[in-house]
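Residue numbers (the numbering used here), protein chains in the order written: chain Z, 1 to 338; chain H, 1001 to 1338; chain G, 2001 to 2338; chain S, 3001 to 3103; chain D, 4001 to 4103; chain F, 5001 to 5103.
Working notes, structure below.
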Amino acid sequence: MKSVDTLSGDHPLDMILSLAATNLLSPIILCFVLGVVAALARSDLSFPEAVAKGMSLYLLFAIGFKGGASIADHGVDARLLASLLAGVVLSAGLPFVAFGLLRVVTKLSVLDAAAVAAHYGSISIVTFVAATSILQAQGIASEGYMVAVAAAMEAPAIVSALWLLSRTGSDARSMDSALMREILLNGSIVLLVGSFAIGWITGNDGLREIAPFITAPFKGVLCLFLLDMGLVAGRGLMRAKGVISGRVVLFGLMMPLIGASAGLLAASLLGLSLGGTVLLMTLSASASYIAVPAAMRVALPEANPAVYLTLSLGITFPFNLVLGIPLYVAVASAVMGG
Amino acid sequence: MKSVDTLSGDHPLDMILSLAATNLLSPIILCFVLGVVAALARSDLSFPEAVAKGMSLYLLFAIGFKGGASIADHGVDARLLASLLAGVVLSAGLPFVAFGLLRVVTKLSVLDAAAVAAHYGSISIVTFVAATSILQAQGIASEGYMVAVAAAMEAPAIVSALWLLSRTGSDARSMDSALMREILLNGSIVLLVGSFAIGWITGNDGLREIAPFITAPFKGVLCLFLLDMGLVAGRGLMRAKGVISGRVVLFGLMMPLIGASAGLLAASLLGLSLGGTVLLMTLSASASYIAVPAAMRVALPEANPAVYLTLSLGITFPFNLVLGIPLYVAVASAVMGG
Amino acid sequence: MKSVDTLSGDHPLDMILSLAATNLLSPIILCFVLGVVAALARSDLSFPEAVAKGMSLYLLFAIGFKGGASIADHGVDARLLASLLAGVVLSAGLPFVAFGLLRVVTKLSVLDAAAVAAHYGSISIVTFVAATSILQAQGIASEGYMVAVAAAMEAPAIVSALWLLSRTGSDARSMDSALMREILLNGSIVLLVGSFAIGWITGNDGLREIAPFITAPFKGVLCLFLLDMGLVAGRGLMRAKGVISGRVVLFGLMMPLIGASAGLLAASLLGLSLGGTVLLMTLSASASYIAVPAAMRVALPEANPAVYLTLSLGITFPFNLVLGIPLYVAVASAVMGG
Amino acid sequence: MKMHDAKRIEIIIEAIMERRLTDILIAAGVTGFSVLPVKGGSGRTGQWSRAGQISRAEGMVAVVCLIKPERLDILLEAIFPVLDRHIGVVNITDAKVLRVEMF
Amino acid sequence: MKMHDAKRIEIIIEAIMERRLTDILIAAGVTGFSVLPVKGGSGRTGQWSRAGQISRAEGMVAVVCLIKPERLDILLEAIFPVLDRHIGVVNITDAKVLRVEMF
Amino acid sequence: MKMHDAKRIEIIIEAIMERRLTDILIAAGVTGFSVLPVKGGSGRTGQWSRAGQISRAEGMVAVVCLIKPERLDILLEAIFPVLDRHIGVVNITDAKVLRVEMF
Ligand SMILES: Nc1ncnc2c1ncn2[C@@H]1O[C@H](COP(=O)(O)O)[C@@H](O)[C@H]1O
Ligand SMILES: Nc1ncnc2c1ncn2[C@@H]1O[C@H](COP(=O)(O)O)[C@@H](O)[C@H]1O
Ligand SMILES: Nc1ncnc2c1ncn2[C@@H]1O[C@H](COP(=O)(O)O)[C@@H](O)[C@H]1O
Ligand code: NA
Ligand code: NA
Ligand code: NA
């Protein structure tokens, strides 16, 4: 696999294409593609729900722990707090952009548009994990606390979307405290933040003890997990035929680019490293698949889940995984004069 | 563990016994035995279905990937296509032998005989995995594409068996297209072929990335998986008391030897390596436990599943695992003048 | 992490505190704490039942196998049989102590007291696993056969408790043979003893083959497993509010100390190593969470499960994990003049 | 054997609403119920399956509740707010139970 | 609370036939059903359990379907070909449902 | 389609008693039943959930059994000893079945 140094001399477009090709031919992407193809071919290949859940718990634990341990190692960067704040602002702000874009580009109802907007302000932790794995394969380091930024970006978008909805007229949906607690203490956030804290506290000693579990087999587990995600995404796409218009698909491809640009801007202001910049771009570009859909079922049950689930898992997730992340690497490298 | 070199000087029978003993005392066989014993003692030890399924997905992925990567490494052998073809012929042909033998030796109905015949033409991927693991422990290399041959041998036997049945009079069972697709795109085939392709495409680079997941812990997972198979096989045997006659059991012990002989012949014609020969013998000797039983429930619901499941998992699988594979290693070594 | 050598010069109390602090800041304890905190905060973080069961099967298999392999390595100690016997005596005897203490200290009914007593005579294999992991982190060796002692200590306590109950008047509960078989052949015992035997038979060769599965990732799996135990314990505590009196809690903290003292005495008589002494103390101090509760549901259905489950998993397990084990290490070191 | 009249209520509801539903049941004094997993299904909003899923947005559970006939209305009124805007089907059948003291 | 008559049909069928059954239900216009896992059982062909199994040959699922009474015959006729040669038991109970517009 | 009267018995019982119950059913000649998993619930002894559990002490299963009406009493008497001192609820509903020869 080419390292970023050998790439950095190339013309940006060459570099994007080369990165995209490298990325496309990596085991994790090919596993995702296998899953999608198997689903579209109507194979009965499937993972038990418990196994899928187990793999996601493993990935969250591993990524959180390693993030925390790397902070313990490098010390807390002055940028940590600023980055968390930037994450909150991005998450709270992007739904407005998404909502406006949806109302202009698509014919989605106000309700559906608000629900979709919440997803795009929030983040996809699987996309984040894939990005860290791609960065690592290219030898690009990043700030360990980006994991905490990811956690901080989960919830604010939901508040924005509900506020948007109450303002645009239709019946007001105040978040009740039960929902608020559910969102803030949802399993993935708690596991991510908790293992981040444990990694931080136990530091490199802790990491050394459990590295054979959370580091060595990590990429292999990610492969199987993305195979499963491909199966679920492919099946979702087949079911969504007719539900999703061409314009909605267009939104699902445009919005990541807008999000990534916002992330790039924020990263420059923060002075993040190349890796950190790519990760913030990826987070901003990604759409939630776990926390927000569940919150929308509770808060906006009339919004159509087929729309937001298809957009988030069927369109934007594959786009980011296959093309988006290499693009963000290339752009960030170019901008930062790598 | 003795390597094959130190064994090759011995008299064939000594060698078989020595190999059988070595094999019998390996962790994977002892784990299987533990499972059978626990089941027969009516212990409540059991694996959740999701965990068993998860382990089987892991094993299929790992064995497929490693097979593909080894091709990428050694280049495509001219024998690949010929071997695939030989696999198809063996799979399509062996049901005729099995059917004839069953009609002569046992009192099974035409329907049950055809169903059983389909199982013996097809293959057991777990037996195949165990054989690769045993070969590896003895330092015997084999052609990476044998995984693809295994996949090619899954389905043809089903077609033969249904054809046999339609010819021998009873009501005709044409395979409908839904069944055909189900068989060809069944989860295990898709995962095996898919991961084989990914291993091939990503080659040794890909393998290196995920080796700590698919290579290092492989044998340990196989141990636990065979423990589970032992539990299921043992419980099946207890339930099958009375269903299976002594003659049917006899068939379950003879047929693997016939299959292995056919495999040996084919391997000699193909000019496979020692390892490849053992694997083709094992594939031919093994009986399906995943794909064919499911297909039989759909296509021949009146055939008695207790007969074919007990034969395949309760008789032939343990026979191959414990005695068959070491026997095939010894015979192949002797024949090939090792 | 400090080794026991650097600790051994300290004053016992300093040493206890230092060990407790070290222990408290280890990943496995922090993971347990995270689970408890998440449960108390009513987060929806949870592991699928199948994943929890899968992890427990893995841990039992690994700990059993390694124990067996270490015997194969060091040879059977003359103390093996004596230790097994001591385990049986401790398990059968401690329920009497526990029952007496309960009747004096708490207001539990005879029935509930007998049920609880059975738990405290028997053992918690998870506590045992955690203790081996803590010992290993401190470089303290122990007798491999302690795993067999753990298995031997599972059942006798149940017999004692039922005998106690029949004697103290209320209606007699003879164990029927079905229950007896269920207890002796319960899944965890069979897996523990079976893998111990396999480890013993295959020895270091066997261990080497599967070490990347049962040794390298062991501690990481234990972390996730204890996180799950923390979630379950925390939720149990929340539900048990009101069921458990302060005096019952007191029993749950006193009884482990009594058990550990008995274990220490037995270990001195047996002449066990420092590690073996700590393990026998831990076993005696721990309360069953898997085998005994199930047996009590069958044999004493009128006893209140909320009492014994809360005591065993909610009080005594965390106590042993966080404070007990370091305390036992310190005391054993002091007593043995380490 | 003596049997008593009862109602068997089966509420198939979104998994994400399970906690809210059972909290309301308990608050309404309906403390006896069992929750069964549902692995897939189909309705006006299309087909779904839990296979391989990690999202909690899709998926249902079946809550089975046996109560004395005279308490049916209390139960239905209690759960109505949870069901109202949410996906879910409720069916009620006449049943007999043993050991009436348990309900 | 207003309730409406309905039929509750519960089809316990081989897992391997689930897709064929649900395809037929949907083709017959019966788009509302839920599939529940079954973990073991016993019948004329003996006892079974899914514990530790990877084969798809053994095992059942329970398909629960609430429909308007007048549509019962359509449903039964539609599923008959799938059930005919296959293992499976069907039971029908009289039920009441809320929100009749959903069926 | 011709339908026949039957009884649908649903026994929700502690998982730890499953084997004893099904052994007794089979001994009593009731060889047809299906066991469904239950993932949580609530009763007089409080609420429970199987999530993350490894202990076998908590948890229930639902055994569904379709039989000819005239055999109901045999079944109930057979299972009574198992239920007696144990947690468990039984409900019986009138049902129709196809293919009466199967019961
Ligand atoms: N008539 C029905 N019978 C059984 N289950 C149903 C029925 N209608 C809906 N469901 C269940 O409720 C879910 C949501 O239904 P719907 O809101 O109509 O899409 C379906 O996917 C089924 O699991
Ligand atoms: N009377 C019954 N009540 C409930 N489930 C049944 C009944 N008969 C059969 N089953 C289920 O259908 C499966 C196959 O039945 P059989 O074809 O009779 O062996 C059984 O293993 C049970 O899961
Ligand atoms: N009325 C009921 N309806 C449905 N399930 C029940 C009912 N009562 C009890 N159960 C189930 O049986 C378990 C034990 O009940 P109990 O013995 O009352 O605590 C509960 O946790 C439920 O799973
Ligand atoms: Na985003
Ligand atoms: Na074969
Ligand atoms: Na103890």
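Ideal Cβ positions, reconstructed from N, Cα and C, are used throughout, including at glycine.
No experiment lies behind these values; they were computed from the predicted model shown.
Distance cut-off 6 Å: residue i Cβ against heavy atoms of ligand 3
i         : result
Met1055/H : no
Met2296/G : no
CB of residue i within 7 Å of CB of residue j, strictly
i         : j         : result
Pro256/Z  : Thr316/Z  : yes
Thr1127/H : Asn1320/H : yes
Met984/H  : Leu1253/H : Nothing can be reported for residue 984/H: it is not among the residues displayed for chain H, which extend from 1001 to 1338.
Leu237/Z  : Gly314/Z  : yes
Integer Cβ distance of residue i from residue j, believed to fall under 8 Å
i         : j         : result
Ser1056/H : Phe1225/H : 7 Å
Gly1064/H : Leu1222/H : That pair is no contact at about 15 Å.
Leu1108/H : Gly2194/G : So it is not a contact: roughly 36 Å between Cβ atoms.
Val1278/H : Leu1024/H : Going by Cβ atoms, the distance from Val1278/H to Leu1024/H rounds to 17 Å, so no, they are not a contact pair.
Ile2158/G : Val2051/G : Rounded, the Cβ-Cβ distance is 29 Å, inconsistent with contact.
Leu45/Z   : Gly1187/H : 4 Å
Gly4059/D : Gly5032/F : Not confirmed; about 16 Å, so no contact.
Ala5015/F : Phe2047/G : With a Cβ gap of about 18 Å, Ala5015/F and Phe2047/G do not count as contacting.
Nearest-angstrom Cα separation, counted from residue j out to residue i
i         : j         : result
Ile201/Z  : Thr2022/G : 12 Å
Leu2250/G : Gln5053/F : 26 Å
Asp4005/D : Lys5096/F : 16 Å
Leu59/Z   : Ala130/Z  : 10 Å
Trp3048/S : Ile2325/G : 48 Å
Leu2283/G : Gly230/Z  : 46 Å
Met4017/D : Val4082/D : 8 Å
Ala69/Z   : Ala2148/G : 37 Å
Ala211/Z  : Leu1272/H : 41 Å
Lys5002/F : Ile4092/D : 12 Å
Arg1079/H : Gly1067/H : 15 Å
His1119/H : Arg5020/F : 35 Å
Ala204/Z  : Ile140/Z  : Reading off the sequence shown, one finds Asn at residue 204/Z, where the question assumed Ala. Approximately 20 Å, taken between the alpha carbons.
Leu2227/G : Ser2122/G : 23 Å
Leu2013/G : Ala1233/H : 55 Å
Val3030/S : Asp3084/S : 19 Å
Met2146/G : Ser2288/G : 17 Å
Val3063/S : Leu3036/S : 6 Å
Residue i: CB within 6 Å of a non-hydrogen atom of ligand 2
i         : result
Thr4093/D : no
Gly4041/D : yes
Ile5032/F : In the sequence as presented, Ile is not what sits at residue 5032/F; that position holds Gly. Gly5032/F: yes, Cβ under 6 Å from ligand 2.
Any non-hydrogen atom of ligand 5 closer than 6 Å to residue i Cβ
i         : result
Gly1093/H : no
Ile123/Z  : no
Ser1083/H : no
Ligand 4 heavy atom lying under 6 Å from the CB of residue i
i        : result
Gly324/Z : no
Ligand 6 heavy atom lying under 6 Å from the CB of residue i
i         : result
Gly2263/G : no
Gly2067/G : no
Check: residue i C-beta below 6 Å from any heavy atom of ligand 1
i         : result
Arg3044/S : yes
Leu2311/G : no
Val1126/H : no
*What runs of the alpha helix (DSSP H), each 4 residues or longer, lie entirely inside the region 2198 to 2256 of chain G?*
2218 to 2240
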